[in-house]
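Undergrad: Going by our numbering, 80 is the number at position 75 of the sequence shown; the sequence numbering is gapless. Every residue, glycine too, gets a C-beta built ideally from N, C-alpha and C. On a predicted model such as this, the values are computed, not experimentally measured, just so you know.
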Amino acid sequence: MAGLSRRKQKNAATHTSAAKSTYILFGAMLIFAVFQLMNVSMVDYTAQLETILETSSETFDVGMTQPQPLSLTPPQAQTQIPPAVAANQSNARFNDKSGKAIANDTKYWADYRFGDYILSTSPKGATIVDFVSKYEGTLAVDYFHALNQTYPQLVSITKNGGFPKQNSFRAEVLCDMITKRGESLLPDALPRDTDLVIHLRLGDVLDNMIKDEEEVEDVFEYGVSIVPSQIRNMIQESDCLGWWHYVKSKCFYENVLSELISHAKPKPKRVIIVGSPVHKKNGTDNNSIKYSKLVEAFFVHKGYEVIRYLDGTPDEDMVWMSHSPVFVASGGGFSRLVTICVNYFNSTALSSEQGWSKGLDKSCGEAPHPPIPKKKYSWEENTIWRGAGGAWDPRFRTFPPEEVIW
C-alpha cells in the first residue's frame, strides 16, 4: 500500500510537472504573440507619431513662442487657450459651424472687407445684394439682415439695393449678435482676465504697400518718422492711404504699455496677437509674418508670454477679440468695430485713431526723422501722392519739427 501510495504521488507529480510545462509553453507562446502584436502596433504608432511631428514642424510658425495645439478640454487639461493654434492651422473654437466649409478659403475671405461694408464705406458700384449672395451666413450679412429687421429705414436689400446709409451703423445690433455667437464658445475659449489682445492689420497694407522685409523692419522701428510730412495725409493714385494709417510702430506699443500702467486692472500677463494675412493679399504674406514676429519679439523682450494667432476667419476674430478684457486696436474699420464692442461690453479698449497724429500715435508722429542712411522706400516708387496741397513734389521733403513746404 505504501508503494502504491508513493507511485500515485510520483504519477501525480509527473502530471503536475507536465501540466506546468504545458502552461509555461502556452504562456510563452501567448507572450510571444502579444509582443509580436505590440511590435507591429508600436511600429505603426511610431510611424504615425513621426508623421505628426514632421507636419507640426512645417505648420508651426509662431516665432519665439510655440503654443500648444487647440483643445476644447476643461481648464485643468494640457491646452488652456484655443488661440494657441499655430499660424495656418485650422481651428475649431466654435460649436457654431456656419461658414466653416470655407474657413480656409483665402480667396473667399480676402475680399470680405467686414469693416468697410458694415461702416458703409463700400466700394463704388458694389451693391448689398452682391455682398449678401456671396457671404450669406457670415456675421456681416447676418448683421445686415438684423439691421433690416430692426431699422428698415436704414437699409434696403433689394435687387439693385445699395449699402446702408452713411452713419447708419448700430452698435447694439452688431455687439448683441457677437454676444450670442460668443455663447457658442466654451468659457475657456474666451480671453482670460489677464490677457492683452492686440489686433494687427496684416495682408493688403503690409504685403502690397511695403517693398520687402527690410523695409518692414524700419516701419516697425521708426514708424511714420521715415515718411515726409507732406504726404502723411495724402492719398495714393489708387485712392489708398499710406501704411502709416494702419500699421503701428514700436513707439506706439511703448505708449500702450505706459497707458496700461494706469488703466489695466488686473495687469495683463499674456499678450495674444491676432491678425489675418489673407485680407486682400496679393502674392506672398512674408511682410505680414515678419511684422507679426517683430511685434511678438517686442512684447517678449518686455517679459510677456506671447501667442500669435493668425489663422482665424474674420468672423471668429471679431467675436473673440470683442470679448477682450483689454484690447489694442490697429488702424482700419475692422479694429474700430472691435473697439466699439469691447467698450459696449464695458471692457478696456486702447483705440487707435484713424491717422498718425492723435492719441497714442501723437508722440510717434511728432518724432523727427531718424539718424539713419537715406533709403528709397516703397512710397517713393511709382507713386503719385495727392492732397489738399496738390501733388507731392519729392524734391521737397520735411520732417517734424520742420515746417511743411509745398
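For Glu-310, which residues does DSSP report across the bridge?
TA: The partner list for Glu-310 (beta bridge, DSSP) reads Arg-275.
Undergrad: Quick one: grab the DSSP three-state call for His-204.
TA: His-204: strand per DSSP, three-state reduction.
Undergrad: So the candidates are Lys-381, Lys-139, Phe-174 and Asp-135; which of them puts its Cα closest to the Cα of Cys-346?
TA: When each option's Cα is compared against that of Cys-346, the closest is Phe-174.
Undergrad: Helix, strand or coil for Phe-339 per DSSP?
TA: In this structure, Phe-339 counts as helix in the three-state DSSP scheme.
Undergrad: Bridge partners for Phe-332 per DSSP, in chain order?
TA: DSSP, once it has assigned bridges, lists Val-202 and Ala-354 as partnering Phe-332.
Undergrad: So who's on the other strand from Ala-194, going by DSSP bridges?
TA: DSSP, once it has assigned bridges, lists no residue as partnering Ala-194.
Undergrad: Which residue from Thr-403, Trp-325 and Thr-353 puts its Cα closest to that of Leu-191?
TA: When each option's Cα is compared against that of Leu-191, the closest is Trp-325.
Undergrad: For the alpha helix (DSSP H) that contains Gln-154, what are its first and last residues?
TA: That run of the alpha helix (DSSP H) goes 144 to 155.
Undergrad: Examine the Cβ distances between the segment 195 to 212 and the segment 270 to 282 and report whether three or more of them are shorter than 8 Å.
TA: With the cut-off at 8 Å, the segment 195 to 212 and the segment 270 to 282 touch.
Undergrad: Evaluate Lys-363 with the Cβ neighbour count: other Cβ atoms within 10 Å of its Cβ, from every protein chain shown; 16 or more gives buried, anything less gives exposed.
TA: Exposed is the call here.
Undergrad: Can you check whether the CB of Ala-145 is closer than 9 Å to the CB of Tyr-113?
TA: Not in contact: Tyr-113 and Ala-145 (Cβ atoms no closer than 9 Å).
Undergrad: Taking 9 Å as the cut-off, decide whether the C-beta atoms of Asp-202 and Val-305 are in contact.
TA: The residue asked about is misnamed: residue 202 is Val in this sequence, not Asp. Result no, Cβ atoms of Val-202 and Val-305 do not sit closer than 9 Å.
Undergrad: Hey, Phe-401 and Ile-410 are a contact pair by Cβ (cut 8 Å); roughly how many whole angstroms apart?
TA: 5 Å between Cβ atoms; contact.
Undergrad: Mind checking Pro-399: buried by the 16 CB within 10 Å criterion, or exposed?
TA: Label assigned to Pro-399: exposed.
Undergrad: Touching or not, the segment 230 to 245 and the segment 361 to 376, by the rule of three or more beta carbon pairs under 8 Å?
TA: Yes: at least three Cβ pairs fall under 8 Å.
Undergrad: Just the C-alpha distance for Ala-396 and Gln-235, rounded to the nearest angstrom, thanks.
TA: Each residue's alpha carbon lies about 10 Å from the other.
Undergrad: Less than 8 Å between the CB atoms is what I'm expecting for Ile-277 and Pro-196, so what's the real figure, rounded?
TA: Yes, they are in contact, since the Cβ atoms of Ile-277 and Pro-196 sit about 7 Å apart, within 8 Å.
Undergrad: So, for Val-178: in the same chain, excluding its five sequence neighbours on each side, which residues have a beta-carbon less than 7 Å away from its beta-carbon?
TA: Excluding positions up to five away in sequence, the list reads Tyr-148, Ala-151, Leu-152 and Thr-155.
Undergrad: Taking the DSSP output, what are the residues bridged to Gly-395?
TA: Answer by DSSP bridge pairing, in chain order: Gly-392.
Undergrad: I need the straight-line Cα distance from Tyr-349 to Cys-180, nearest angstrom please.
TA: Each residue's Cα considered, the two are about 7 Å apart.
Undergrad: Look at Tyr-251 and Val-333 and say whether their C-beta atoms are less than 9 Å apart.
TA: Their beta carbons are not under 9 Å apart, which means Tyr-251 does not touch Val-333 by this criterion.
Undergrad: Report yes if the C-beta distance between Asp-200 and Tyr-382 is below 9 Å; otherwise report no.
TA: Cβ distance not < 9 Å, so Asp-200 and Tyr-382 don't count as in contact.
Undergrad: For Lys-380, does the count of other Cβ atoms within 10 angstroms reach 16, so buried, or fall short, so exposed?
TA: Per the 10 Å Cβ criterion, exposed.
Undergrad: Once DSSP output is grouped into helix, strand and coil, what is the label at Leu-315?
TA: If DSSP states are grouped into helix, strand and coil, Leu-315 belongs with coil.
Undergrad: Quick check on DSSP: helix, strand or coil for Leu-179?
TA: It is helical.
Undergrad: Name the one or two DSSP bridge partners that Leu-246 has.
TA: According to DSSP, which records beta bridges pairwise, Leu-246 is partnered with Ile-240.
Undergrad: Terminal residues of the continuous alpha helix (DSSP H) containing Val-261?
TA: Segment 255 to 268, the alpha helix (DSSP H) holding Val-261.
Undergrad: Tell me the rounded alpha-carbon separation between Lys-139 and Arg-186.
TA: Spanning the two alpha carbons is a distance of roughly 21 Å.
Undergrad: Between Lys-253 and Ser-335, is the Cβ-Cβ spacing less than 9 Å?
TA: It is a contact, given that the beta carbons lie within the stated cut-off.
Undergrad: What is the rounded straight-line gap between the Cα of Pro-376 and the Cα of Glu-407?
TA: Their backbone Cα atoms lie some 15 Å apart in a straight line.
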